[in-house]
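Student: Counting along the sequence shown from 1, when you hit position 39 you're at 214 in the numbering used here, and nothing is skipped either side.
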Amino acid sequence: MAPTAPTKRKTLRAKATERLANPLAPRKVHRPSAQVSDSFIESKRDKRLIKHSSFVSRISKPAAKTPTQRKNLKRREKHRQAQAATSLAALSDALPTLSRDEVEAGETEAAGRIRHKSLKSTPGALRKKERLVRGEMERFGMSLAQLSTVKEQPVAQQQVDMDVEEKDGEEENRAPVQSTANRFAALRGFISATMEQNPAFSRQNGLAGRTT
176 MAPTAPTKRK
186 TLRAKATERL
196 ANPLAPRKVH
206 RPSAQVSDSF
216 IESKRDKRLI
226 KHSSFVSRIS
236 KPAAKTPTQR
246 KNLKRREKHR
256 QAQAATSLAA
266 LSDALPTLSR
276 DEVEAGETEA
286 AGRIRHKSLK
296 STPGALRKKE
306 RLVRGEMERF
316 GMSLAQLSTV
326 KEQPVAQQQV
336 DMDVEEKDGE
346 EENRAPVQST
356 ANRFAALRGF
366 ISATMEQNPA
376 FSRQNGLAGR
386 TT
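#1: Using DSSP with H/G/I as helix, E/B as strand and the rest coil, what is A177?
#2: Could you tell me the alpha carbon to alpha carbon distance between R223 and I234, rounded to whole angstroms?
#3: Cβ of A361 within 7 Å of Cβ of L322?
#4: Quick check on this structure: which residue in E282, E193, F365 has the alpha carbon closest to the alpha carbon of A320?
#5: Would DSSP call P329 helix, strand or coil?
#6: According to DSSP, simplified to helix, strand and coil, what is T182?
#7: G299 by DSSP, collapsed to three states: which one?
#8: Would you kindly work out how many angstroms separate the C-alpha atoms of E135 and A280, rounded to a whole number?
#9: Give me the Cα-Cα distance between S296 and E305, rounded to the nearest whole angstrom.
#10: Which value, in whole angstroms, describes the spacing of the CA atoms of A269 and Q256?
#11: For T158, does the three-state DSSP call read helix, strand or coil?
#12: Can you check which of these residues, A375, S318, P374, is closest to R363 by C-alpha distance?
#13: For the alpha helix (DSSP H) that contains P242, what are its first and last residues?
#14: By how many angstroms is the C-alpha of A177 removed from the C-alpha of N247?
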């Protein structure tokens with residue numbers, strides 16, 4: 176027997192139009208080997224279950240991808256990588272080129288910048304902090320006590336003469352200025368005794384004291 180040429184397969188749309196065109200054609204063919212009876216499709220609940228299961232099967236991902244799907248996925252990944260590379264190259268080309276002097280200036284600026292490092296959480300850090308705060312408070316209290324114990328110089332006695340009335344007002348204004356000057360001098364002495372000082376500044380202070 177001679178082989179026959181394969182016929183073209185009909186599409187779903189053509190089959191549907193044929194059924195609609197021929198009303199005598201059965202809508203659903205009886206399947207004697209089916210596990211579910213044909214009466215299953217009659218109820219509304221069964222139709223809803225069928226619609227839901229078909230929707231879930233459409234949106235769920237297939238367990239195993241076909242070779243064509245894998246090929247398309249690889250092609251998309253390559254296209255994305257090429258786009259990312261071209262975008263980065265375009266960005267690098269758009270940036271202005273820096274001269275050698277500008278690069279060196281930026282490096283020196285970055286080297287001179289102070290970087291604040293966060294304190295590591297070591298055991299006993301809180302105790303150390305409390306000890307430092309307590310010591311600073313004690314030093315501050317000592318400096319306040321030393322300032323409060325400074326004796327103010329007695330104000331010169333006012334003269335009774337009528338001609339010296341203006342001078343009396345000037346002496347009254349000088350008294351608080353002298354007292355504050357004594358307190359600042361005591362504070363300077365306390366600070367110089369408790370803190371380290373640069374030798375250059377100490378020489379300048381010594382020369383200033385000699386000149387005064």
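Yeah, the Cβ is synthetic: ideal placement off N, Cα and C, and Gly gets one too. Because the structure is a prediction, the values reported are computed rather than measured.
Tutor: Well, looking at it:
#1: Taking the first residue of the sequence shown as position 1, residue 177 is located at position 2. DSSP places A177 in the coil class of the three-state scheme, outside both helix and strand.
#2: Reading the sequence shown from its first residue, position 48 is the one you call residue 223. Reading the sequence shown from its first residue, position 59 is the one you call residue 234. Going by C-alpha positions, R223 is about 17 Å away from I234.
#3: Within the sequence shown, numbered from 1, the residue matching residue 361 stands at position 186. Within the sequence shown, numbered from 1, the residue matching residue 322 stands at position 147. A contact, by the Cβ cut-off of 7 Å.
#4: Sequence index remark: in the sequence shown, residue 320 carries index 145 (1-based). The shortest C-alpha separation from A320 is found at F365.
#5: The residue given as residue 329 occupies position 154 in the sequence shown. With a pLDDT of 47 at P329, under the threshold of 50, the modelled position of that residue is not reliable, and the figure given next carries that caveat. In the structure shown, P329 sits in coil (DSSP, three-state: anything other than H, G, I, E or B).
#6: Against the sequence shown, residue 182 aligns to sequence position 7. Coil, per DSSP.
#7: Position 124 of the sequence shown, counted from the start, is the residue given in the question as residue 299. DSSP places G299 in coil when its eight states are reduced to three.
#8: This structure gives no information on residue 135, because the portion of the chain shown stretches from 176 to 387.
#9: For this step, residue 296 is matched to residue 121 along the sequence shown. For this step, residue 305 is matched to residue 130 along the sequence shown. Roughly 15 Å separates the two Cα atoms.
#10: Here the question's residue 269 lines up with position 94 in the sequence shown. Here the question's residue 256 lines up with position 81 in the sequence shown. The straight-line gap from Cα to Cα measures roughly 20 Å.
#11: Because the chain spans 176 through 387 in this model, residue 158 falls outside it and cannot be assessed.
#12: As a working mapping, residue 363 is identified with position 188 in the sequence shown. Selected option, being the one with the closest Cα: S318.
#13: Residue 242 sits at position 67 when you count from the first residue of the sequence shown. For P242, the enclosing alpha helix (DSSP H) covers residues 242-269.
#14: The count along the sequence shown starts at 1 and reaches residue 247 at position 72. The count along the sequence shown starts at 1 and reaches residue 177 at position 2. Approximately 41 Å between the Cα atoms of the pair.
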